[in-house]
Each structure stands twice: as structure tokens, then as C-alpha cells.
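Here is the structure we will look at, set down as C-alpha cells.
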Amino acid sequence: KNEASYILIDLRPSKQAEQGHIPKAVAMAEGGLDKMKDQFPKHMAAPIILYNQDGALASAEEAFKKISDWGYKQVSVLSGGFQAWEKAGKQVAKGPAQSKIAYVRKLMPGEVDIAAFKEVVVKPVAGSMILDVRTPKETADGLLPNALSIPMEELEQRLAEVPKGKTLVSHCSTGVRAA
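Per the numbering used here, the very first residue in the sequence shown carries number 415; after that it's consecutive.
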């Protein structure tokens, strides 16, 4: 599999990318990024790295702005572009770049995967507690059983409500506030 914990997009024309590209790079679709939008992950904190031939920001600016406007928080442009990558002696792949994004979110230290979280919701672990930091609007459709609900914006003022000596498993809608 060509799955990665980041998204690397080659903004160069496909013929140029076929002559050499960074491994695991996805070729920008003919017709631009809009044709690829449905391939981008739901995880808005996914690291997205764009590159062009020489790292010139002007040529990557439109793609950077578009992806940022879609709500992605970690969009960057590879300094020096493909030329700098190649000059540094890094690995170069030949032939067509990938045509589909294959992103796999890598858990950060302290994060819990979905299966483990569901297990804690269904069968609480002694000495632990779920702290739900979603807003009242987000919890309108329902709360998690056995969870303490304190919106992130109120947490500092309501910290006394959080039991001491328990392992907390925090929860939000996106994973960003709970991290």
C-alpha cells in the first residue's frame, strides 16, 4: 500500500512528474484540485505538503489558499520544491505519480484509536472517565453515557468538577480540542 500519515501533492504538470517525483506524491488531477476535493480526508489537521518544481511560492499560492480555505489546518509548501529534494540526494520515483490520496491518520502520543474509545464508552474502565469537551450545540443530539460533559471553553472555570485521580479520556467532534 502507498498509505502515508501525510498528503504530498505534486503541483507540476503530469509529464514533468512522470520524469521524477517524490515517492508517495499524488499528482494534481487534470483540471486542478477541485476534482480531487472528495479524496481529501475528513481529518482537518492532516498534514498536507505541496510542492512544485522550484519552491516558488507564487506558483503554489493558489493551491495553498484553496486547501486552507477548505478548512485544512496544516498546509505547507516544500521549501525549494522538487529541485531542492533532488539536489539533496533524496529518493526520486520515476513514472506516473499516484492518482489517489491514500491518507492514514497516525495517532499522536496520548491519543486513543476509535476501537479502544468505543470499548471505553460501552464498558467503562475502572479508574477512568470520559471528559466530553464538545459544545452544547454539538451535544444536542446526545451525550456519551457515563461521560462528564464540560465544553472546552468552560473547562478552566469548571475544573473542580473533574474528579482527581482518574485517567481522563477526552472527546470532541474533531479530535483537535480533545488532543
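Positions of the beta carbon are idealized from the N, C-alpha and C atoms, including for glycine.
Fair warning: this is a prediction, and the values are worked out from it, not measured in the lab.
Within the segment 424-507, the complete alpha helix (DSSP H) segments of 4 residues or longer fall at 428-433, 471-483 and 495-501, listed in chain order. For Ala561, there is no enclosing alpha helix (DSSP H); the residue is found in the beta strand (DSSP E) stretching over Ala561 to Ser563.
C-alpha of Gln505 to C-alpha of Gly434: approximately 10 Å in a straight line.
Cα atoms of Val440 and Met458: separation of roughly 18 Å, rounded to the nearest angstrom. A Cβ-Cβ distance of about 5 Å is found for the pair Gly495 and Tyr465, placing them in contact under the 8 Å criterion.
Annotated as distal: Ala470 and Ile421, with beta-carbon spacing of 8 Å or more. Under the three-state reduction of DSSP output, Met566 falls in the helix class. C-alpha of Lys487 to C-alpha of Pro550: approximately 24 Å in a straight line.
Thr553: member of the alpha helix (DSSP H) spanning Pro550 to Thr553, first to last residue. Under the DSSP assignment, Ile528 falls in the alpha helix (DSSP H) whose first and last residues are Ile528 to Val536. Leu557 sits in coil when the DSSP states are folded into three classes, being neither helix nor strand.
Residues Leu447 of the same chain have their beta carbon placed closer than 6 Å to that of Lys480, with the five preceding and five following residues left out of the count. C-alpha of Arg572 to C-alpha of Val547: approximately 12 Å in a straight line.
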